[in-house]
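Inspection log for the structure reproduced underneath, given as structure tokens.
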Amino acid sequence: MTAEERLDLLRRAKAGDEGALDRFVEENFGLVHMAARRFQGRGTDYDDLFQIGCVGLCKAVKNFDLTAGVVFSTYAVPVIFGELKRYFRDTGMIKISRSIKERAARVAAASERLAARLGREPTVSELTLEAGLTPEEVTEALDSMQPVMSLHAPVDGGEGELTLEGLIAEDETVELCDVLTVREAIGRLSPREREVVRSRFFQNRTQQATADRIGISQVQVSRIEKKVVEKLRGEMLAT
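This note's numbering applies: residue 3 is where the sequence shown begins, and numbers increase by one.
Rendered as structure tokens:
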């Protein structure tokens with residue numbers, strides 16, 4: 003189908019032609035599949051995710067402005083994501099696997115033992131040895147024990163009220179993904195990068211306190227933090 007044919011189909015769909023709407027939605031199922039795959043593994047069947055995404059696609063067709071000079075897919079993808087994320091916000095269907103829960107309990111117990119022996123909060127390396135897990139497993143377990151992060155919550159450092167949303171993208175015209183997408187992006191960071199994010203943005207530690215906890219220098223924390231912010235900004239702008 004040519005671009006002109008797709009545009010004509012979209013015009014007819016918006017005008018109330020049910021057949022055109024059905025065909026146009028089918029032509030754009032790929033956008034729904036792309037969005038639905040991002041939410042797999044959170045306790046909802048893929049077919050249900052796909053149907054929710056299709057609701058978002060239909061809303062995008064209905065509300066799309068043909069005169070805005072924007073490609074339909076550019077407009078539709080955030081709408082589809084928004085429908086899926088709204089579902090998870092409304093239902094609270096953020097699931098943690100049993101294996102991660104078991105490792106989290108193991109790490110929590112190890113942390114208590116080490117804190118009692120050492121008189122301070124243990125490092126990831128110390129937890130790794132005590133719990134008999136890999137650094138990646140310890141970091142994942144620690145991540146699972148963290149409360150849900152708000153993009154608008156203030157974080158330590160910088161001038162004025164600095165938020166993670168402000169760090170990720172300074173352009174107010176850029177629509178940022180919400181906490182679900184942020185957590186997914188953080189999950190793709192290296193264990194050390196995730197540890198810096200957790201310490202700096204979840205636990206509000208200073209760079210020096212983060213460095214002391216992880217066992218690296220403040221300069222290294224600063225470099226990792228800058229690298230992470232760039233990665234997260236890229237993730238947000240790519241969605």
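Virtual Cβ for every residue (Gly too), placed ideally from N, Cα, C. As the structure is a prediction and not an experimental result, all values here were calculated from the model.
Coil, strand or helix - L68 by DSSP: Taking the sequence shown and counting its residues from 1, one reaches residue 68 at position 66. Coil, per DSSP.
Through-space distance from K87 to L109, alpha-carbon basis: Residue 109 sits at position 107 when you count from the first residue of the sequence shown. Residue 87 sits at position 85 when you count from the first residue of the sequence shown. The residue asked about is misnamed: residue 109 is Val in this sequence, not Leu. The straight-line gap from Cα to Cα measures roughly 30 Å.
Beta-carbon proximity check, Q42 vs L33, cutoff 9 Å: Position 40 of the sequence shown holds residue 42. Position 31 of the sequence shown holds residue 33. It is not a contact, given that the beta carbons lie outside the stated cut-off.
Beta carbon of K103 nearer than 9 Å to that of V81: Along the sequence shown, one-based indexing puts residue 103 at 101. Along the sequence shown, one-based indexing puts residue 81 at 79. Going by C-beta atoms, K103 is not nearer than 9 Å to V81.
Among R122, A143, G121, I218, the one whose alpha carbon lies nearest that of T1: Outside the shown range of the chain, which is 3 to 241, sits residue 1, and nothing can be said about it.
Closest residue to R202 among I216, R190, A5 (Cα-Cα distance): Taking the first residue of the sequence shown as position 1, residue 202 is located at position 200. Closest option to R202, Cα to Cα, is I216.
R215, DSSP secondary structure in three states: Here residue 215 corresponds to residue number 213 of the sequence shown, with the count starting at 1. Three-state DSSP puts R215 in a helix.
Buried/exposed call for D47, threshold 16 Cβ in 10 Å: Within the sequence shown, residue 47 is the residue found at index 45, counting from 1. Classification of D47: exposed, given that the 10 Å Cβ count is below 16.
Beta-carbon spacing of A242, R25 below 9 Å: This structure does not reach residue 242, given that the chain is present from 3 up to 241, and the question cannot be answered.
M36, DSSP secondary structure in three states: Position 34 of the sequence shown, counted from the first residue, corresponds to residue 36. Reduced to three states, the DSSP call for M36 is helix.
9 Å Cβ cutoff met for E85 and G45: Residue numbering aside, residue 85 sits at position 83 when the sequence shown is read from its first letter. Residue numbering aside, residue 45 sits at position 43 when the sequence shown is read from its first letter. No; because the gap between Cβ atoms is not below 9 Å, this pair is not in contact.
Burial state of V63 (16 or more Cβ within 10 Å): By 1-based counting over the sequence shown, the position of residue 63 is 61. Classification for V63: buried.
N- and C-terminal bounds of the alpha helix (DSSP H) containing P193: Position 191 of the sequence shown, counted from the start, is the residue given in the question as residue 193. Counting along the chain, the alpha helix (DSSP H) containing P193 begins and ends at 193-199.
Test item: CB-CB of V198 and V221 under 9 Å: Along the sequence shown, one-based indexing puts residue 198 at 196. Along the sequence shown, one-based indexing puts residue 221 at 219. No, Cβ-Cβ distance for V198 and V221 is not below 9 Å.
Anticipated Cβ contact below 8 Å, L135 with F74, distance rounded: In the sequence shown, counting from the first residue as 1, residue 135 sits at position 133. In the sequence shown, counting from the first residue as 1, residue 74 sits at position 72. That pair is no contact at about 47 Å.
N30 versus D92: straight-line alpha-carbon distance, rounded: Here residue 30 corresponds to residue number 28 of the sequence shown, with the count starting at 1. Here residue 92 corresponds to residue number 90 of the sequence shown, with the count starting at 1. Near 26 Å, if we compare the C-alpha coordinates of D92 and N30.
For V140, the three-state DSSP class (helix, strand or coil): In the sequence shown, residue 140 corresponds to position 138, counting from 1. Residue state, collapsed to three classes: helix.
Reference Q53; option with closest CA among E232, A22, F83, A112: As a working note, residue 53 is residue 51 in the sequence shown. Out of E232, A22, F83, A112, F83 has the C-alpha closest to the C-alpha of Q53.
Contact check, R196 vs T141, beta carbons under 9 Å: Here residue 196 is taken as the residue at index 194 of the sequence shown, counted from 1. Here residue 141 is taken as the residue at index 139 of the sequence shown, counted from 1. It is a contact, given that the beta carbons lie within the stated cut-off.
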